[in-house]
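Q:
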Amino acid sequence: MALLEIRNLRVAFPTAGGLMTAVDGIDLHVDQGEVLAIVGESGSGKSVSMLAVMGLLPPEARVEADVMRFDGQDLRVIPARARRRIIGKDVSMIFQDPISSLNPSFTVGFQLTEVLRHHLGLSRRAARDRAVELLTAVGIPDPAGRLTTYPHQMSGGQCQRVMIASAIACNPRLLIADEPTTALDVTIQKQILDLLSDLQIRTGMGLIMITHDMGVVAETADRVMVQYMGRKIEEADVLSLFSTPAQPYTRALLAALPENATGTRLPTVGAMAKQEAGHGR
Amino acid sequence: MAADPILLAENLVRDYHGGSLLTGRKVTRALKGVSFRLDRGRTLAIVGESGCGKSTLARILTMIDPQTSGRLTIAGEDVDIARARPGRSLRRKVQIVFQNPYASLNPRQKIGDALTEQLYLNTDDSAAQRRDKAAAMLERVGLSPDHARRFPHMLSGGQRQRVAIARALMVRPEILVLDEPVSALDLSVQAQVLNLLRDLQDELGLSYAFISHDLSVVRYLADTVMVMNAGEVVESGPRDAVFGDPQHAYTRRLFAATPSADVAAIRARLARRSA
Chain A
2 MALLEIRNLR
12 VAFPTAGGLM
22 TAVDGIDLHV
32 DQGEVLAIVG
42 ESGSGKSVSM
52 LAVMGLLPPE
62 ARVEADVMRF
72 DGQDLRVIPA
82 RARRRIIGKD
92 VSMIFQDPIS
102 SLNPSFTVGF
112 QLTEVLRHHL
122 GLSRRAARDR
132 AVELLTAVGI
142 PDPAGRLTTY
152 PHQMSGGQCQ
162 RVMIASAIAC
172 NPRLLIADEP
182 TTALDVTIQK
192 QILDLLSDLQ
202 IRTGMGLIMI
212 THDMGVVAET
222 ADRVMVQYMG
232 RKIEEADVLS
242 LFSTPAQPYT
252 RALLAALPEN
262 ATGTRLPTVG
272 AMAKQEAGHG
282 R
Chain B
3 MAADPILLAE
13 NLVRDYHGGS
23 LLTGRKVTRA
33 LKGVSFRLDR
43 GRTLAIVGES
53 GCGKSTLARI
63 LTMIDPQTSG
73 RLTIAGEDVD
83 IARARPGRSL
93 RRKVQIVFQN
103 PYASLNPRQK
113 IGDALTEQLY
123 LNTDDSAAQR
133 RDKAAAMLER
143 VGLSPDHARR
153 FPHMLSGGQR
163 QRVAIARALM
173 VRPEILVLDE
183 PVSALDLSVQ
193 AQVLNLLRDL
203 QDELGLSYAF
213 ISHDLSVVRY
223 LADTVMVMNA
233 GEVVESGPRD
243 AVFGDPQHAY
253 TRRLFAATPS
263 ADVAAIRARL
273 ARRSA
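Each protein sequence line maps, in turn, to chains A and B. With our numbering applied, the first sequence covers 2 to 282. With our numbering applied, the second sequence covers 3 to 277.
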């Protein structure tokens, strides 16, 4: 059975000009121990569908799905209280900008132990010990000393490590990483991607990587889903997607990578992609 | 091409004075003696990670900040803004395009006004001339003259970056400092803007100082590459030499960290993973 299963997910936002459909009939599943990459450009709905799973969309958002199940539980009808027991514990999420996703007013130690005390009911002391363990696991030097520091005292890469530590604090079965390295330098990006891959293999959790970076997809994913304007364009295992992309949009996206430039001009996605979206409707 | 350096830097140093009452005075040396040259009509890529001094360098090249020491020559003129205020004609020669077009355009200023303002400040053109030039420039960067009446929030990220480029070109500069001009853009839009930069360079004979951390973009656009780390140039040379046979350990590390969409690399990773 799939760990997370979604069928025909639709998300729309009411705007002054009527309903804006952000996600338009997405099917998705992730198994235990699998790394799924969702790739797409801004506005493709890749983050919105995951926020819908987490229940983090604003209340005015209209979320509909035929199936939306995590580990057998129906997320469409689950009461808020029960959802809060899952979110942050069995399913957790890390975001693009680590510095703004941590609370600037509280120490790293406080923010880490809060998760542990809330979800696992650990004592103050046990939570502190576990927090040190977690910071060690994500490769932060002097973990015990770091507990009393504030986010602004750390670099972006270290803040992202703290975010990861807090996301894996309760041994989640599914981790959703939304552009986890976009704000980071390449050498730090490499460290964070290696860390996520390591943790994923060691714990056997499912991992969803949301990204716009084809390089990141190539380096992390087992299976890839390409999204464009709220629709799924293509889904394939990582090797087939890069070696024999089936859809024109995917081909255009790969051709637009400067590293694949063959001539002096880069092919652009625009025209091709619009055609593609027109076909789907 | 004959050696015609439009930009020459010799041993540029920049110190920032910081610290507090408690820590006492502290001097941070952001640039530790940087030398390079940029030839007319060419592209020099300045590569490095946060804190390597590339933005400090951009501020010196655009005459926003003075160098602490060292020699900077722009189009044959010695520049040291701490000693002598640069003239208008010199300032016009160097323009900059910033990374984030959402932040670098005034949200309350119409696109047309953002463009004509450059001419108002720097030339004696009449209002009608300014408007005509702005309209022509909008077309040149792939927008329409109608965009002049819009505000930045009515444009997409790629369109805004085109406006930022148009604004920089209004005063007919010779050098464009491009500070991560495509890193905030989507891949497909990025390709369009890179193509535009290439066309403009050919057409107007522009010289680019292209600051970036994205090696694949650098490889696409640069003639020469300069790799910086912690305020120093660790390696520089023609693009193919630096990419083909990187000499410095830091350059190699940077290359190794860059994710590759290469099929052979994916195959190797999957093999390791199943092992």
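For every residue, glycine included, the Cβ atom is placed at its ideal position computed from N, Cα and C.
If we ignore side chains and look at the alpha-carbon of each, how far apart do THR245 (chain A) and LEU208 (chain B) end up?
A: Those two C-alpha atoms are separated by around 39 angstroms.
Q: At 8 angstroms on the CB atoms, spell out the chain B contacts of SER48 (chain A), in chain order.
A: Residues of chain B passing the Cβ test: none, with the nearest at roughly 14 angstroms.
Q: Go ahead and pull the three-state DSSP assignment for GLU35 (chain A).
A: Three-state DSSP puts GLU35 (chain A) in coil, outside helix and strand.
Q: Quick check: the Cα distance between GLU65 (chain A) and ARG275 (chain B), rounded to an integer number of angstroms?
A: Approximately 36 angstroms between the Cα atoms of the pair.
Q: Give me, in chain order, the residues of the same chain whose beta-carbon lies closer than 7 angstroms to that of LEU267 (chain A); leave out the 5 immediate sequence neighbours on both sides.
A: Taken in chain order, the residues that qualify are ALA257 and PRO259.
Q: List, in chain order, every chain A residue whose beta-carbon is nearer than 8 angstroms to that of VAL15 (chain B).
A: Result: empty, since nearest Cβ-Cβ is about 24 angstroms, beyond 8 angstroms.
Q: At 3 residues or longer, and completely inside the region 165 to 221 of chain B: list those beta strand (DSSP E) runs for me, N to C.
A: For the region 165 to 221 of chain B, whole beta strand (DSSP E) runs of length 3 or above, ordered along the chain, are 177 to 181 and 209 to 214.
Q: Cα separation between PRO261 (chain B) and HIS155 (chain B)?
A: The straight-line gap from Cα to Cα measures roughly 33 angstroms.
Q: Pick helix, strand or coil for TYR151 (chain A), following the three-state DSSP scheme.
A: Three-state result, TYR151 (chain A): coil.
Q: Three or more C-beta pairs under 8 angstroms: does that hold for the region 83 to 94 of chain A against the region 34 to 44 of chain A?
A: No: the two stretches stay apart, fewer than three of their Cβ pairs being nearer than 8 angstroms.
Q: Measure the alpha-carbon distance for ASP17 (chain B) versus VAL239 (chain A) and round it to whole angstroms.
A: ASP17 (chain B) and VAL239 (chain A): Cα-Cα distance of roughly 48 angstroms.
Q: Of all the beta strand (DSSP E) runs that stay within the bounds of the region 228 to 271 of chain A, which reach a length of 3 or more residues?
A: List check, beta strand (DSSP E) in window: 232 to 238.
Q: Using a Cβ distance threshold of 8 angstroms, determine whether the region 221 to 229 of chain B contacts the region 144 to 159 of chain A, with at least three qualifying pairs required.
A: Touching, no, given that fewer than three Cβ pairs across the two stretches are closer than 8 angstroms.
Q: Using a 10 Å radius around the Cβ and a threshold of 16 neighbouring Cβ atoms, would you call SER190 (chain B) buried or exposed?
A: Buried, since its Cβ has 16 or more Cβ neighbours within 10 Å.
Q: Name the two residues that bound the continuous beta strand (DSSP E) containing PHE71 (chain A).
A: Element bounds for PHE71 (chain A): 68 to 71.
Q: In the DSSP assignment, what are the bridge partners of THR58 (chain B)?
A: For THR58 (chain B), which the question treats as bridged, DSSP gives no partner whatsoever.
Q: With distances taken from CA atoms, which of A:LEU20, A:LEU136 and A:GLU180 is nearest SER167 (chain A)?
A: Measuring from the Cα of SER167 (chain A), the nearest candidate turns out to be A:LEU136.
Q: Would you say LEU272 (chain B) faces chain A, with C-beta separation under 8 angstroms as the test?
A: At least one chain A Cβ lies under 8 angstroms of LEU272 (chain B).
Q: For GLU220 (chain A) and ARG271 (chain B), which I take to be in contact (beta-carbon distance under 8 angstroms), what is that distance rounded to the nearest angstrom?
A: About 7 angstroms separates the two Cβ atoms, so the contact holds.
Q: Which value, in whole angstroms, describes the spacing of the CA atoms of GLU61 (chain A) and LEU187 (chain B)?
A: Each residue's alpha carbon lies about 29 angstroms from the other.
Q: List, in order along the chain, the chain A residues whose C-beta lies closer than 7 angstroms to that of ASP188 (chain B)?
A: Near ASP188 (chain B) (Cβ distances below 7 angstroms), the residues of chain A are GLU42, SER43 and HIS213.
Q: For chain A, check one thing: does any of its Cβ atoms lie closer than 8 angstroms to the Cβ of VAL227 (chain B)?
A: Cβ-Cβ to chain A under 8 angstroms: no for VAL227 (chain B).
Q: Using Cβ-Cβ distances below 9 angstroms, what residues of the region 15 to 36 of chain B are close to chain A?
A: For the region 15 to 36 of chain B, which is checked against every Cβ of chain A, not one residue is closer than 9 angstroms.
Q: Is the Cβ-Cβ distance between VAL165 (chain B) and LEU107 (chain B) less than 8 angstroms?
A: Closer than 8 angstroms, so yes.
Q: Where does MET164 (chain A) land, buried or exposed, given buried means 16+ other C-beta within 10 angstroms?
A: Its Cβ being crowded by 16 or more others within 10 Å, MET164 (chain A) is buried.
Q: Please confirm if PRO246 (chain A) has its CB atom under 8 angstroms from at least one CB of chain B.
A: So no, PRO246 (chain A) is outside the interface.
Q: Closer than 8 angstroms, CB to CB, is SER214 (chain B) near chain A or not?
A: No, no contact with chain A.
Q: Name, going along the chain, the residues of the region 71 to 105 of chain A whose beta-carbon falls closer than 8 angstroms to a beta-carbon of chain B.
A: Against chain B - using a Cβ distance shorter than 8 angstroms - the region 71 to 105 of chain A contributes no residues.
Q: Residues of chain A with CB under 8 angstroms from THR45 (chain B), in chain order?
A: Result: empty, since nearest Cβ-Cβ is about 13 angstroms, beyond 8 angstroms.
Q: Taking Cβ positions only, does VAL187 (chain A) come closer than 8 angstroms to chain B?
A: So, interface residue.
Q: At a CB distance below 8 angstroms, what residues from the region 98 to 130 of chain B approach chain A? Give them in sequence order.
A: Those would be none; no residue qualifies.
Q: Residues of chain A with a CB under 7 angstroms from the CB of VAL219 (chain B): which are they?
A: Those within 7 angstroms of VAL219 (chain B) in chain A are PRO259.
Q: If you draw a straight line from the alpha carbon of ARG269 (chain B) to that of ASP199 (chain A), how long is it in whole angstroms?
A: Rounded to whole angstroms, ARG269 (chain B) to ASP199 (chain A) spans 18 angstroms at the Cα level.
Q: Is the CB-CB distance between ILE213 (chain B) and GLU182 (chain B) below 8 angstroms?
A: Going by C-beta atoms, ILE213 (chain B) is nearer than 8 angstroms to GLU182 (chain B).
Q: The alpha helix (DSSP H) with VAL116 (chain A) in it runs from where to where?
A: Element bounds for VAL116 (chain A): 109 to 121.
Q: Closer than 7 angstroms: is that where the CB of GLY41 (chain A) sits relative to any heavy atom of the ligand GDP?
A: The ligand GDP is absent from the structure shown, which contains no ligands of any kind.
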